[in-house]
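**Student:** Protein chains in written order, with my numbering: chain A, 493 to 645; chain B, 7 to 83.
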Amino acid sequence: MEIRLSEQDFNPWQAIQDHQAGQRQLVGKYGATGVFVGTMRDFNQNDGVLSMYLEHYPGMTERQLQRIVEEAKHQWRILDCLVVHRVGEVFPDDVLVLVAVWSAQRGDAFDASRFIMENLKSRAPFWKKETLVSGLQRWVEKNSDGYRPVSGY
Amino acid sequence: MSIKVRYFASLKERIGRSEDELSVGAPMSVRQIWRQLNPELAMPESVLAAVNMEYVELDSLVEDGGELAFFPPVTGG
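1. At 8 angstroms on the CB atoms, spell out the chain B contacts of F618 (chain A), in chain order.
2. Look at G71 (chain B) and S8 (chain B) and say whether their C-beta atoms are less than 8 angstroms apart.
3. Helix, strand or coil, according to DSSP, for P52 (chain B) in the structure here?
4. Grouping DSSP H, G and I as helix and E and B as strand, with all else coil, what is K565 (chain A)?
5. In its own chain, which residues sit with a C-beta less than 6 angstroms from the C-beta of S52 (chain B), not counting the 5 before and 5 after it?
6. Beta-carbon of G523 (chain A) versus every beta-carbon of chain B: anything under 8 angstroms?
7. For A58 (chain B), which residues in the same chain have their Cβ closer than 6 angstroms to its Cβ, ignoring the five residues on either side in sequence?
8. Closest Cβ-Cβ distance between L588 (chain A) and chain B: below 8 angstroms?
9. Using a 10 Å radius around the Cβ and a threshold of 16 neighbouring Cβ atoms, would you call D539 (chain A) buried or exposed?
10. Please state the DSSP three-state secondary structure of N44 (chain B).
11. Can you pull out the residues from the stretch 48-65 of chain B whose beta carbon lies closer than 7 angstroms to at least one beta carbon of chain A?
12. Based on the DSSP secondary-structure assignment, which residues constitute the bridge partners of V68 (chain B)?
13. Can you have a look at P45 (chain B) and say buried or exposed, based on whether 16 or more other CB atoms are within 10 angstroms of its CB?
14. Look at the alpha carbon of V529 (chain A) and the alpha carbon of D585 (chain A), and state the distance between them as a whole number of angstroms.
15. Measure the CB-CB distance between V62 (chain B) and P33 (chain B) and report whether it falls below 8 angstroms.
16. Does the beta carbon of S614 (chain A) sit closer than 8 angstroms to a beta carbon anywhere in chain B?
17. Could you give the uninterrupted runs of the beta strand (DSSP E) lying entirely in the stretch 572-637 of chain A, keeping only those of 3 residues or more?
18. What's the C-alpha gap between V579 (chain A) and P617 (chain A)?
19. Among A:D637, A:Q512 and A:D603, which has the Cα closest to the Cα of R493 (chain A)?
20. Taking C-beta pairs closer than 9 angstroms, name the residues in chain B that R555 (chain A) reaches, listed in chain order.
21. In or out: P550 (chain A) buried (at least 16 other Cβ within 10 Å) or exposed?
22. Which of helix, strand or coil does DSSP assign to Q531 (chain A)?
23. Starting from P494 (chain A) and walking both ways along the beta strand (DSSP E), at which residues does that stretch end?
24. Going by CA-CA distance only, name the one from A:L624, A:K634 and A:N635 that's closest to F535 (chain A).
25. Would you mind sorting E547 (chain A) into buried or exposed? The rule is 16 or more other CB atoms within 10 Å of its CB.
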């Protein structure tokens, strides 16, 4: 399990490859990798966005992410997990968050990665401050719901 | 007795400080500490609080040496 914050832009696919290369216990055992990559848009609430500052609470942010991953491990059969979140100044098309979950079966990978993402959004102490095309700066007050639980699959 | 109080994000800007140090004679609740440090500003309804980096209810007591943090709803991901 690897959880880290990154002050630099990162390539999520490279991060997955690098992480997996060091996980010998996965070889031959995993049948599914659930991956979520969150990327910065250049618009929000009908306004153009130039850049964003991601503030966090050093120590607490890592602790809460750790806790969320532990909870996922208790609910699903997970072989390994990688969570990387950006902090600092970010720009459109930059990756904000990566969640990857390795498991034997797809259900655990899908469900655990979604659980980690949704809980990260509601519990991990990060705050976004946008700089708009107009020059105005504003704090994002709440995350959008983002998804509707799927049914019937 | 001393409690370190920290503020984050929009709340930090609104208050104009990132930290306070509070000397107290007995454990105080999160709510009482806010009132004492920010008598001119009502505690926002949506505020979240953490003691020693764990989420707590606003009526929880904060012990000596603890670190209390106030912040707005989180918006990561």
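Here a beta-carbon is modelled for each residue, glycine too, at the ideal position from N, C-alpha and C. In this text, all values refer to a predicted model and were calculated from it rather than measured experimentally.
**Tutor:** The structure says:
1. Position 126 of the first sequence, counting from 1, holds the residue named residue 618 (chain A). Those within 8 angstroms of F618 (chain A) in chain B are V80, T81, G82 and G83.
2. On the second sequence, residue 71 (chain B) is found 65 positions in, with the first residue counted as 1. On the second sequence, residue 8 (chain B) is found 2 positions in, with the first residue counted as 1. In this structure, S8 (chain B) lies closer than 8 angstroms to G71 (chain B) by Cβ.
3. Reading the second sequence from its first residue, position 46 is the one you call residue 52 (chain B). In the sequence on display, residue 52 (chain B) carries Ser and not Pro. Correct three-state label for S52 (chain B): coil.
4. Taking the first residue of the first sequence as 1, we reach residue 565 (chain A) at position 73. Reduced to three states, the DSSP call for K565 (chain A) is helix.
5. On the second sequence, residue 52 (chain B) is found 46 positions in, with the first residue counted as 1. Excluding positions up to five away in sequence, the list reads P79.
6. By one-based count along the first sequence, residue 523 (chain A) stands at place 31. Not closer than 8 angstroms to any Cβ of chain B, the Cβ of G523 (chain A) fails to qualify, so no.
7. Within the second sequence, the letter at position 52 stands for residue 58 (chain B). The amino acid occupying residue 58 (chain B) in the given sequence is Asn; Ala does not appear at that position. Closer than 6 angstroms at the Cβ level, and outside the excluded window around N58 (chain B), lie G72 and E73.
8. Taking the first residue of the first sequence as 1, we reach residue 588 (chain A) at position 96. Judged by the 8 angstroms Cβ criterion, L588 (chain A) is in contact with chain B.
9. As a first step, residue 539 (chain A) must be located in the first sequence, where it is residue number 47. Exposed is the call here.
10. The count along the second sequence starts at 1 and reaches residue 44 (chain B) at position 38. N44 (chain B) falls in the coil class under three-state DSSP.
11. A56 and M59
12. Translated into positions along the second sequence, residue 68 (chain B) becomes position 62. Partner(s): B:M34.
13. Numbered from its first residue, the second sequence carries residue 45 (chain B) at position 39. The residue is exposed, with fewer than 16 neighbouring Cβ atoms inside 10 Å.
14. Translated into positions along the first sequence, residue 529 (chain A) becomes position 37. Translated into positions along the first sequence, residue 585 (chain A) becomes position 93. Approximately 11 angstroms, taken between the alpha carbons.
15. By 1-based counting over the second sequence, the position of residue 62 (chain B) is 56. By 1-based counting over the second sequence, the position of residue 33 (chain B) is 27. No.
16. Counting from 1 along the first sequence, the entry for residue 614 (chain A) is found at position 122. It does; some Cβ of chain B falls within 8 angstroms.
17. 572-578, 580-582, 587-595, 618-624 and 629-631
18. Sequence index remark: in the first sequence, residue 579 (chain A) carries index 87 (1-based). Sequence index remark: in the first sequence, residue 617 (chain A) carries index 125 (1-based). For V579 (chain A) and P617 (chain A), the distance between alpha carbons rounds to 11 angstroms.
19. For the purposes of this step, residue 493 (chain A) is taken as residue 1 along the first sequence, with counting starting at 1. For clarity, residue 493 (chain A) is Met in the given sequence; the question names Arg instead. For the residues A:D637, A:Q512 and A:D603, the minimum Cα distance to M493 (chain A) belongs to A:Q512.
20. Sequence index remark: in the first sequence, residue 555 (chain A) carries index 63 (1-based). Within chain B, the residues near R555 (chain A) are M59 and E60.
21. Here residue 550 (chain A) corresponds to residue number 58 of the first sequence, with the count starting at 1. P550 (chain A) is exposed by the Cβ-count criterion.
22. Looking up residue 531 (chain A) in the first sequence gives position 39. Note on residue identity: the sequence assigns Thr, not Gln, to residue 531 (chain A). The answer is strand: DSSP assigns T531 (chain A) an E or B state.
23. Indexing the first sequence from 1 puts residue 494 (chain A) at position 2. The displayed chain sequence assigns Glu, not Pro, to residue 494 (chain A). Start and end: E494 to S498.
24. Translated into positions along the first sequence, residue 535 (chain A) becomes position 43. Selected option, being the one with the closest Cα: A:L624.
25. Position 55 of the first sequence holds residue 547 (chain A). With 16 or more Cβ atoms within 10 Å of its Cβ, E547 (chain A) is classed as buried.
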